[in-house]
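**Q** What follows is a structure written as structure tokens; I'll ask about it next.
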Amino acid sequence: MQGWRLENTYRSLPVLFFSPARPEPVRNPRLILFNRNLAASLGLDADELAKKEHVSIFAGNTLPQGAKPIAQAYAGHQFGNFTVLGDGRAILLGEQMTPAGRRYDIQLKGAGRTSYSRSGDGRATVGPMLREYIISEAMHALGIPTTRSLAVAGTGEWVRRGTALPGAVLTRVADSHIRVGTFEWAAAQGGEPAVKALLAYSIQRHYPGCADAGNPAAAFFDAVVERQASLIAQWLLVGFIHGVMNTDNMAISGETIDYGPCAFMNEFDPETVFSSIDHQGRYAYGNQSAIAQWNLARLAETLLSLFHDREEEAIEWANAAIARFQDRFENDWLAGMRAKLGLLTQEDGDHGLADGLLAWMKQARADWTLTFRLLPAARTAPGAVSDDPAFTEWRTRWLDRLRRQPPESPVPPLMQRSNPAVIPRNHKVEEALAAAVDGDDLPLNRLLEALTRPWEETSSNEPFREPPPASACGYKTFCGT
Ligand code: AMP
Ligand code: MG
């Protein structure tokens with residue numbers, strides 16, 4: 017017994033939302049990574065599935081029991097331009113029902129061509145699929161809502177990407193794969209009836225409380241806004257840059273999805289961009305909350321007629337709802353910043369205090385993760401973070417502020433659990449990927465091990481806590497590879 021309990025409720029939507037698809041078998045599958053803990057939490061038999069013969073499931077050669085595979089249709093605004101897309105290289109096997117009664121999409125990414133592939137080959141390569149596994153699991157360990165990674169299977173086939181690269185299939189686990197772009201597809205292809213069907217499905221699956229609201233569409237939109245605002249605040253607090261926040265890469269569930277050119281920032285600069293194709297800095301670190309609101313406005317456009325009979329009033333309501341993003345975002349960001357600074361109480365000047373530190377960090381090109389991690393030590397050791405007079409001045413303000421709150425004992429633990437020691441640093445990720453592509457999985461496994469406990473400082477995770485050497489500057493990431 018492998019433990020599959022797959023349902024296929026997405027197929028109950030009108031046919032315009034999906035096409036039946038079959039994973040294309042691959043020549044020589046090999047299990048590169050398998051996430052035993054995740055498997056167990058899904059109700060799967062991890063020992064059984066880790067056996068060599070079952071790699072065929074994670075490579076797309078055999079379907080798990082109950083799977084009725086489809087590719088999902090969607091559209092999206094990519095860098096601001098509307099495009100019709102769909103799963104060109106991903107196939108949804110079904111929805112796993114867990115012992116706890118939760119429903120998760122099980123999707124194979126890189127499983128071959130679908131009716132939405134256009135000129136693409138439907139395949140993915142080992143490097144980027146391992147990268148998605150590493151970073152999504154790191155985000156999960158940091159407590160940030162995210163899709164997860166159950167397995168990476170090498171295909172034993174070559175994929176053409178300029179040069180020939182080894183192919184791989186990632187098994188992705190998600191609350192769902194409904195995107196802002198799925199609503200855009202519904203509106204463009206099927207108009208109001210299609211939007212209504214998708215809305216009813218999304219509410220039932222992700223926001224059941226909205227079904228009983230006076231206006232379920234409005235309640236749903238408010239709830240999506242809230243979750244996105246909370247998510248983006250969490251990204252910023254750990255220095256995460258998604259890199260390609262197109263509307264097709266924004267999940268209605270509020271999970272981080274589609275790990276392409278994402279990366280964690282080292283030196284703090286709000287204009288940081290890693291993606292090689294983001295020339296304008298549209299998806300820069302400091303732009304992410306504004307872009308999320310832009311994306312939510314595209315979602316609102318698909319729902320306008322459901323918000324209100326009169327268009328003008330619908331638009332006015334939608335604008336007000338999007339404006340609430342900012343409140344929630346700032347509230348969550350500030351609450352997170354207070355925790356990072358060890359503040360147990362609230363004062364009006366706290367935002368300014370945080371901004372003061374960020375201003376110094378930017379000017380000093382201070383490492384985001386390390387600066388916050390060293391702060392607890394800087395309470396007693398003046399030079400623990402920096403001897404720069406500008407930092408020293410800020411430190412005095414901060415210590416004064418700490419003195420105005422009740423003493424004290426919870427401060428260091430609060431700061432420890434709000435400021436991770438280990439993040440997937442780009443140079444370490446690249447090192448692990450390069451070794452794995454060459455057949456040496458040890459650095460990859462060490463990295464994954466360190467990332468599962470990001471708050472701990474141990475001798476074995478020490479190499480993963482260091483900022484990159486200066487030679488690693490100018491890091492670039494690539495999409496769609
Ligand atoms: P992404 O950049 O991964 O968000 O993908 C954007 C769109 O391109 C999605 O519709 C993908 O399914 C599609 N796509 C990306 N790579 C491929 C590929 N190798 N073959 C077919 N479709 C692809
Ligand atoms: Mg995508």
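Numbering (the numbering used here), first residue to last: 17 to 497. Ideal placement from N, C-alpha and C gives every residue a C-beta, glycine not left out.
Are Trp-410 and Trp-376 closer than 8 angstroms when you measure CB to CB?
**A** yes
**Q** Under the three-state reduction of DSSP, which class applies to Trp-414: helix, strand or coil?
**A** In the three-state reduction of the DSSP assignment, Trp-414 falls in the helix class.
**Q** Do Arg-139 and ligand 1 come close, with the Cβ less than 7 angstroms from some heavy atom?
**A** yes
**Q** Along the chain, where does the beta strand (DSSP E) that runs through Arg-395 open and close?
**A** First-last for Arg-395: undefined, no H or E at that position.
**Q** Let me know the beta strand (DSSP E) ranges lying completely inside the region 71 to 140, each 3 residues or longer, listed in chain order.
**A** Within the region 71 to 140, the complete beta strand (DSSP E) runs of at least 3 residues are 86 to 88, 91 to 94, 97 to 100, 106 to 113, 119 to 125.
**Q** Is it right to say Asp-228 is buried, meaning 16 or more other beta carbons lie within 10 angstroms of its own, or is it exposed?
**A** exposed
**Q** Per DSSP, what are the beta-bridge partners of Trp-174 in this structure?
**A** Pro-182, per the DSSP bridge assignment.
**Q** Counting only the same chain and skipping the five closest in sequence on each side, list residues whose C-beta sits under 6 angstroms from that of Tyr-149.
**A** Leu-49, Ser-165, Val-168
**Q** Measuring only the C-alpha atoms, how far is Ser-135 from Phe-388?
**A** 46 angstroms
**Q** Kindly indicate the opening and closing residues of the alpha helix (DSSP H) around Ile-48.
**A** Unbroken run through Ile-48 is the beta strand (DSSP E), 46 to 50; no alpha helix (DSSP H).
**Q** Identify every run of the alpha helix (DSSP H) within the region 436 to 466, keeping only runs that are complete inside it and at least 4 residues long; order them along the chain.
**A** 442 to 453
**Q** Could you give the DSSP three-state label for Phe-290: helix, strand or coil?
**A** Coil.
**Q** DSSP has Val-240 in a bridge; who is on the other side?
**A** DSSP, once it has assigned bridges, lists no residue as partnering Val-240.
**Q** Between Asn-6 and ligand 2, is the CB less than 7 angstroms from at least one heavy atom?
**A** The chain is shown from 17 up to 497; residue 6 falls before or after that span and cannot be answered.
**Q** Helix, strand or coil: how does DSSP classify Ala-169 here?
**A** strand
**Q** With respect to 7 angstroms, is the separation between the Cβ of Asp-103 and the closest non-hydrogen atom of ligand 1 below this value?
**A** Short note on Asp-103: C-beta closer than 7 angstroms to some heavy atom of ligand 1.
**Q** Ser-133: beta carbon under 7 angstroms from a heavy atom of ligand 1?
**A** yes
**Q** If you reduce the DSSP assignment to three classes, tell me which class Val-42 lands in.
**A** coil
**Q** Beta strand (DSSP E) containing Ser-402: first to last residue?
**A** Premise fails: Ser-402 is in no beta strand (DSSP E) and is neither H nor E.
**Q** Mind checking whether Trp-471 and Pro-436 have CB atoms under 8 angstroms apart?
**A** yes
**Q** Under the three-state reduction of DSSP, which class applies to Phe-284: helix, strand or coil?
**A** DSSP, read as helix, strand or coil, puts Phe-284 in coil.
**Q** How many Å lie between Asn-97 and Pro-85 at the Cα?
**A** So the two alpha carbons sit approximately 30 angstroms from each other.
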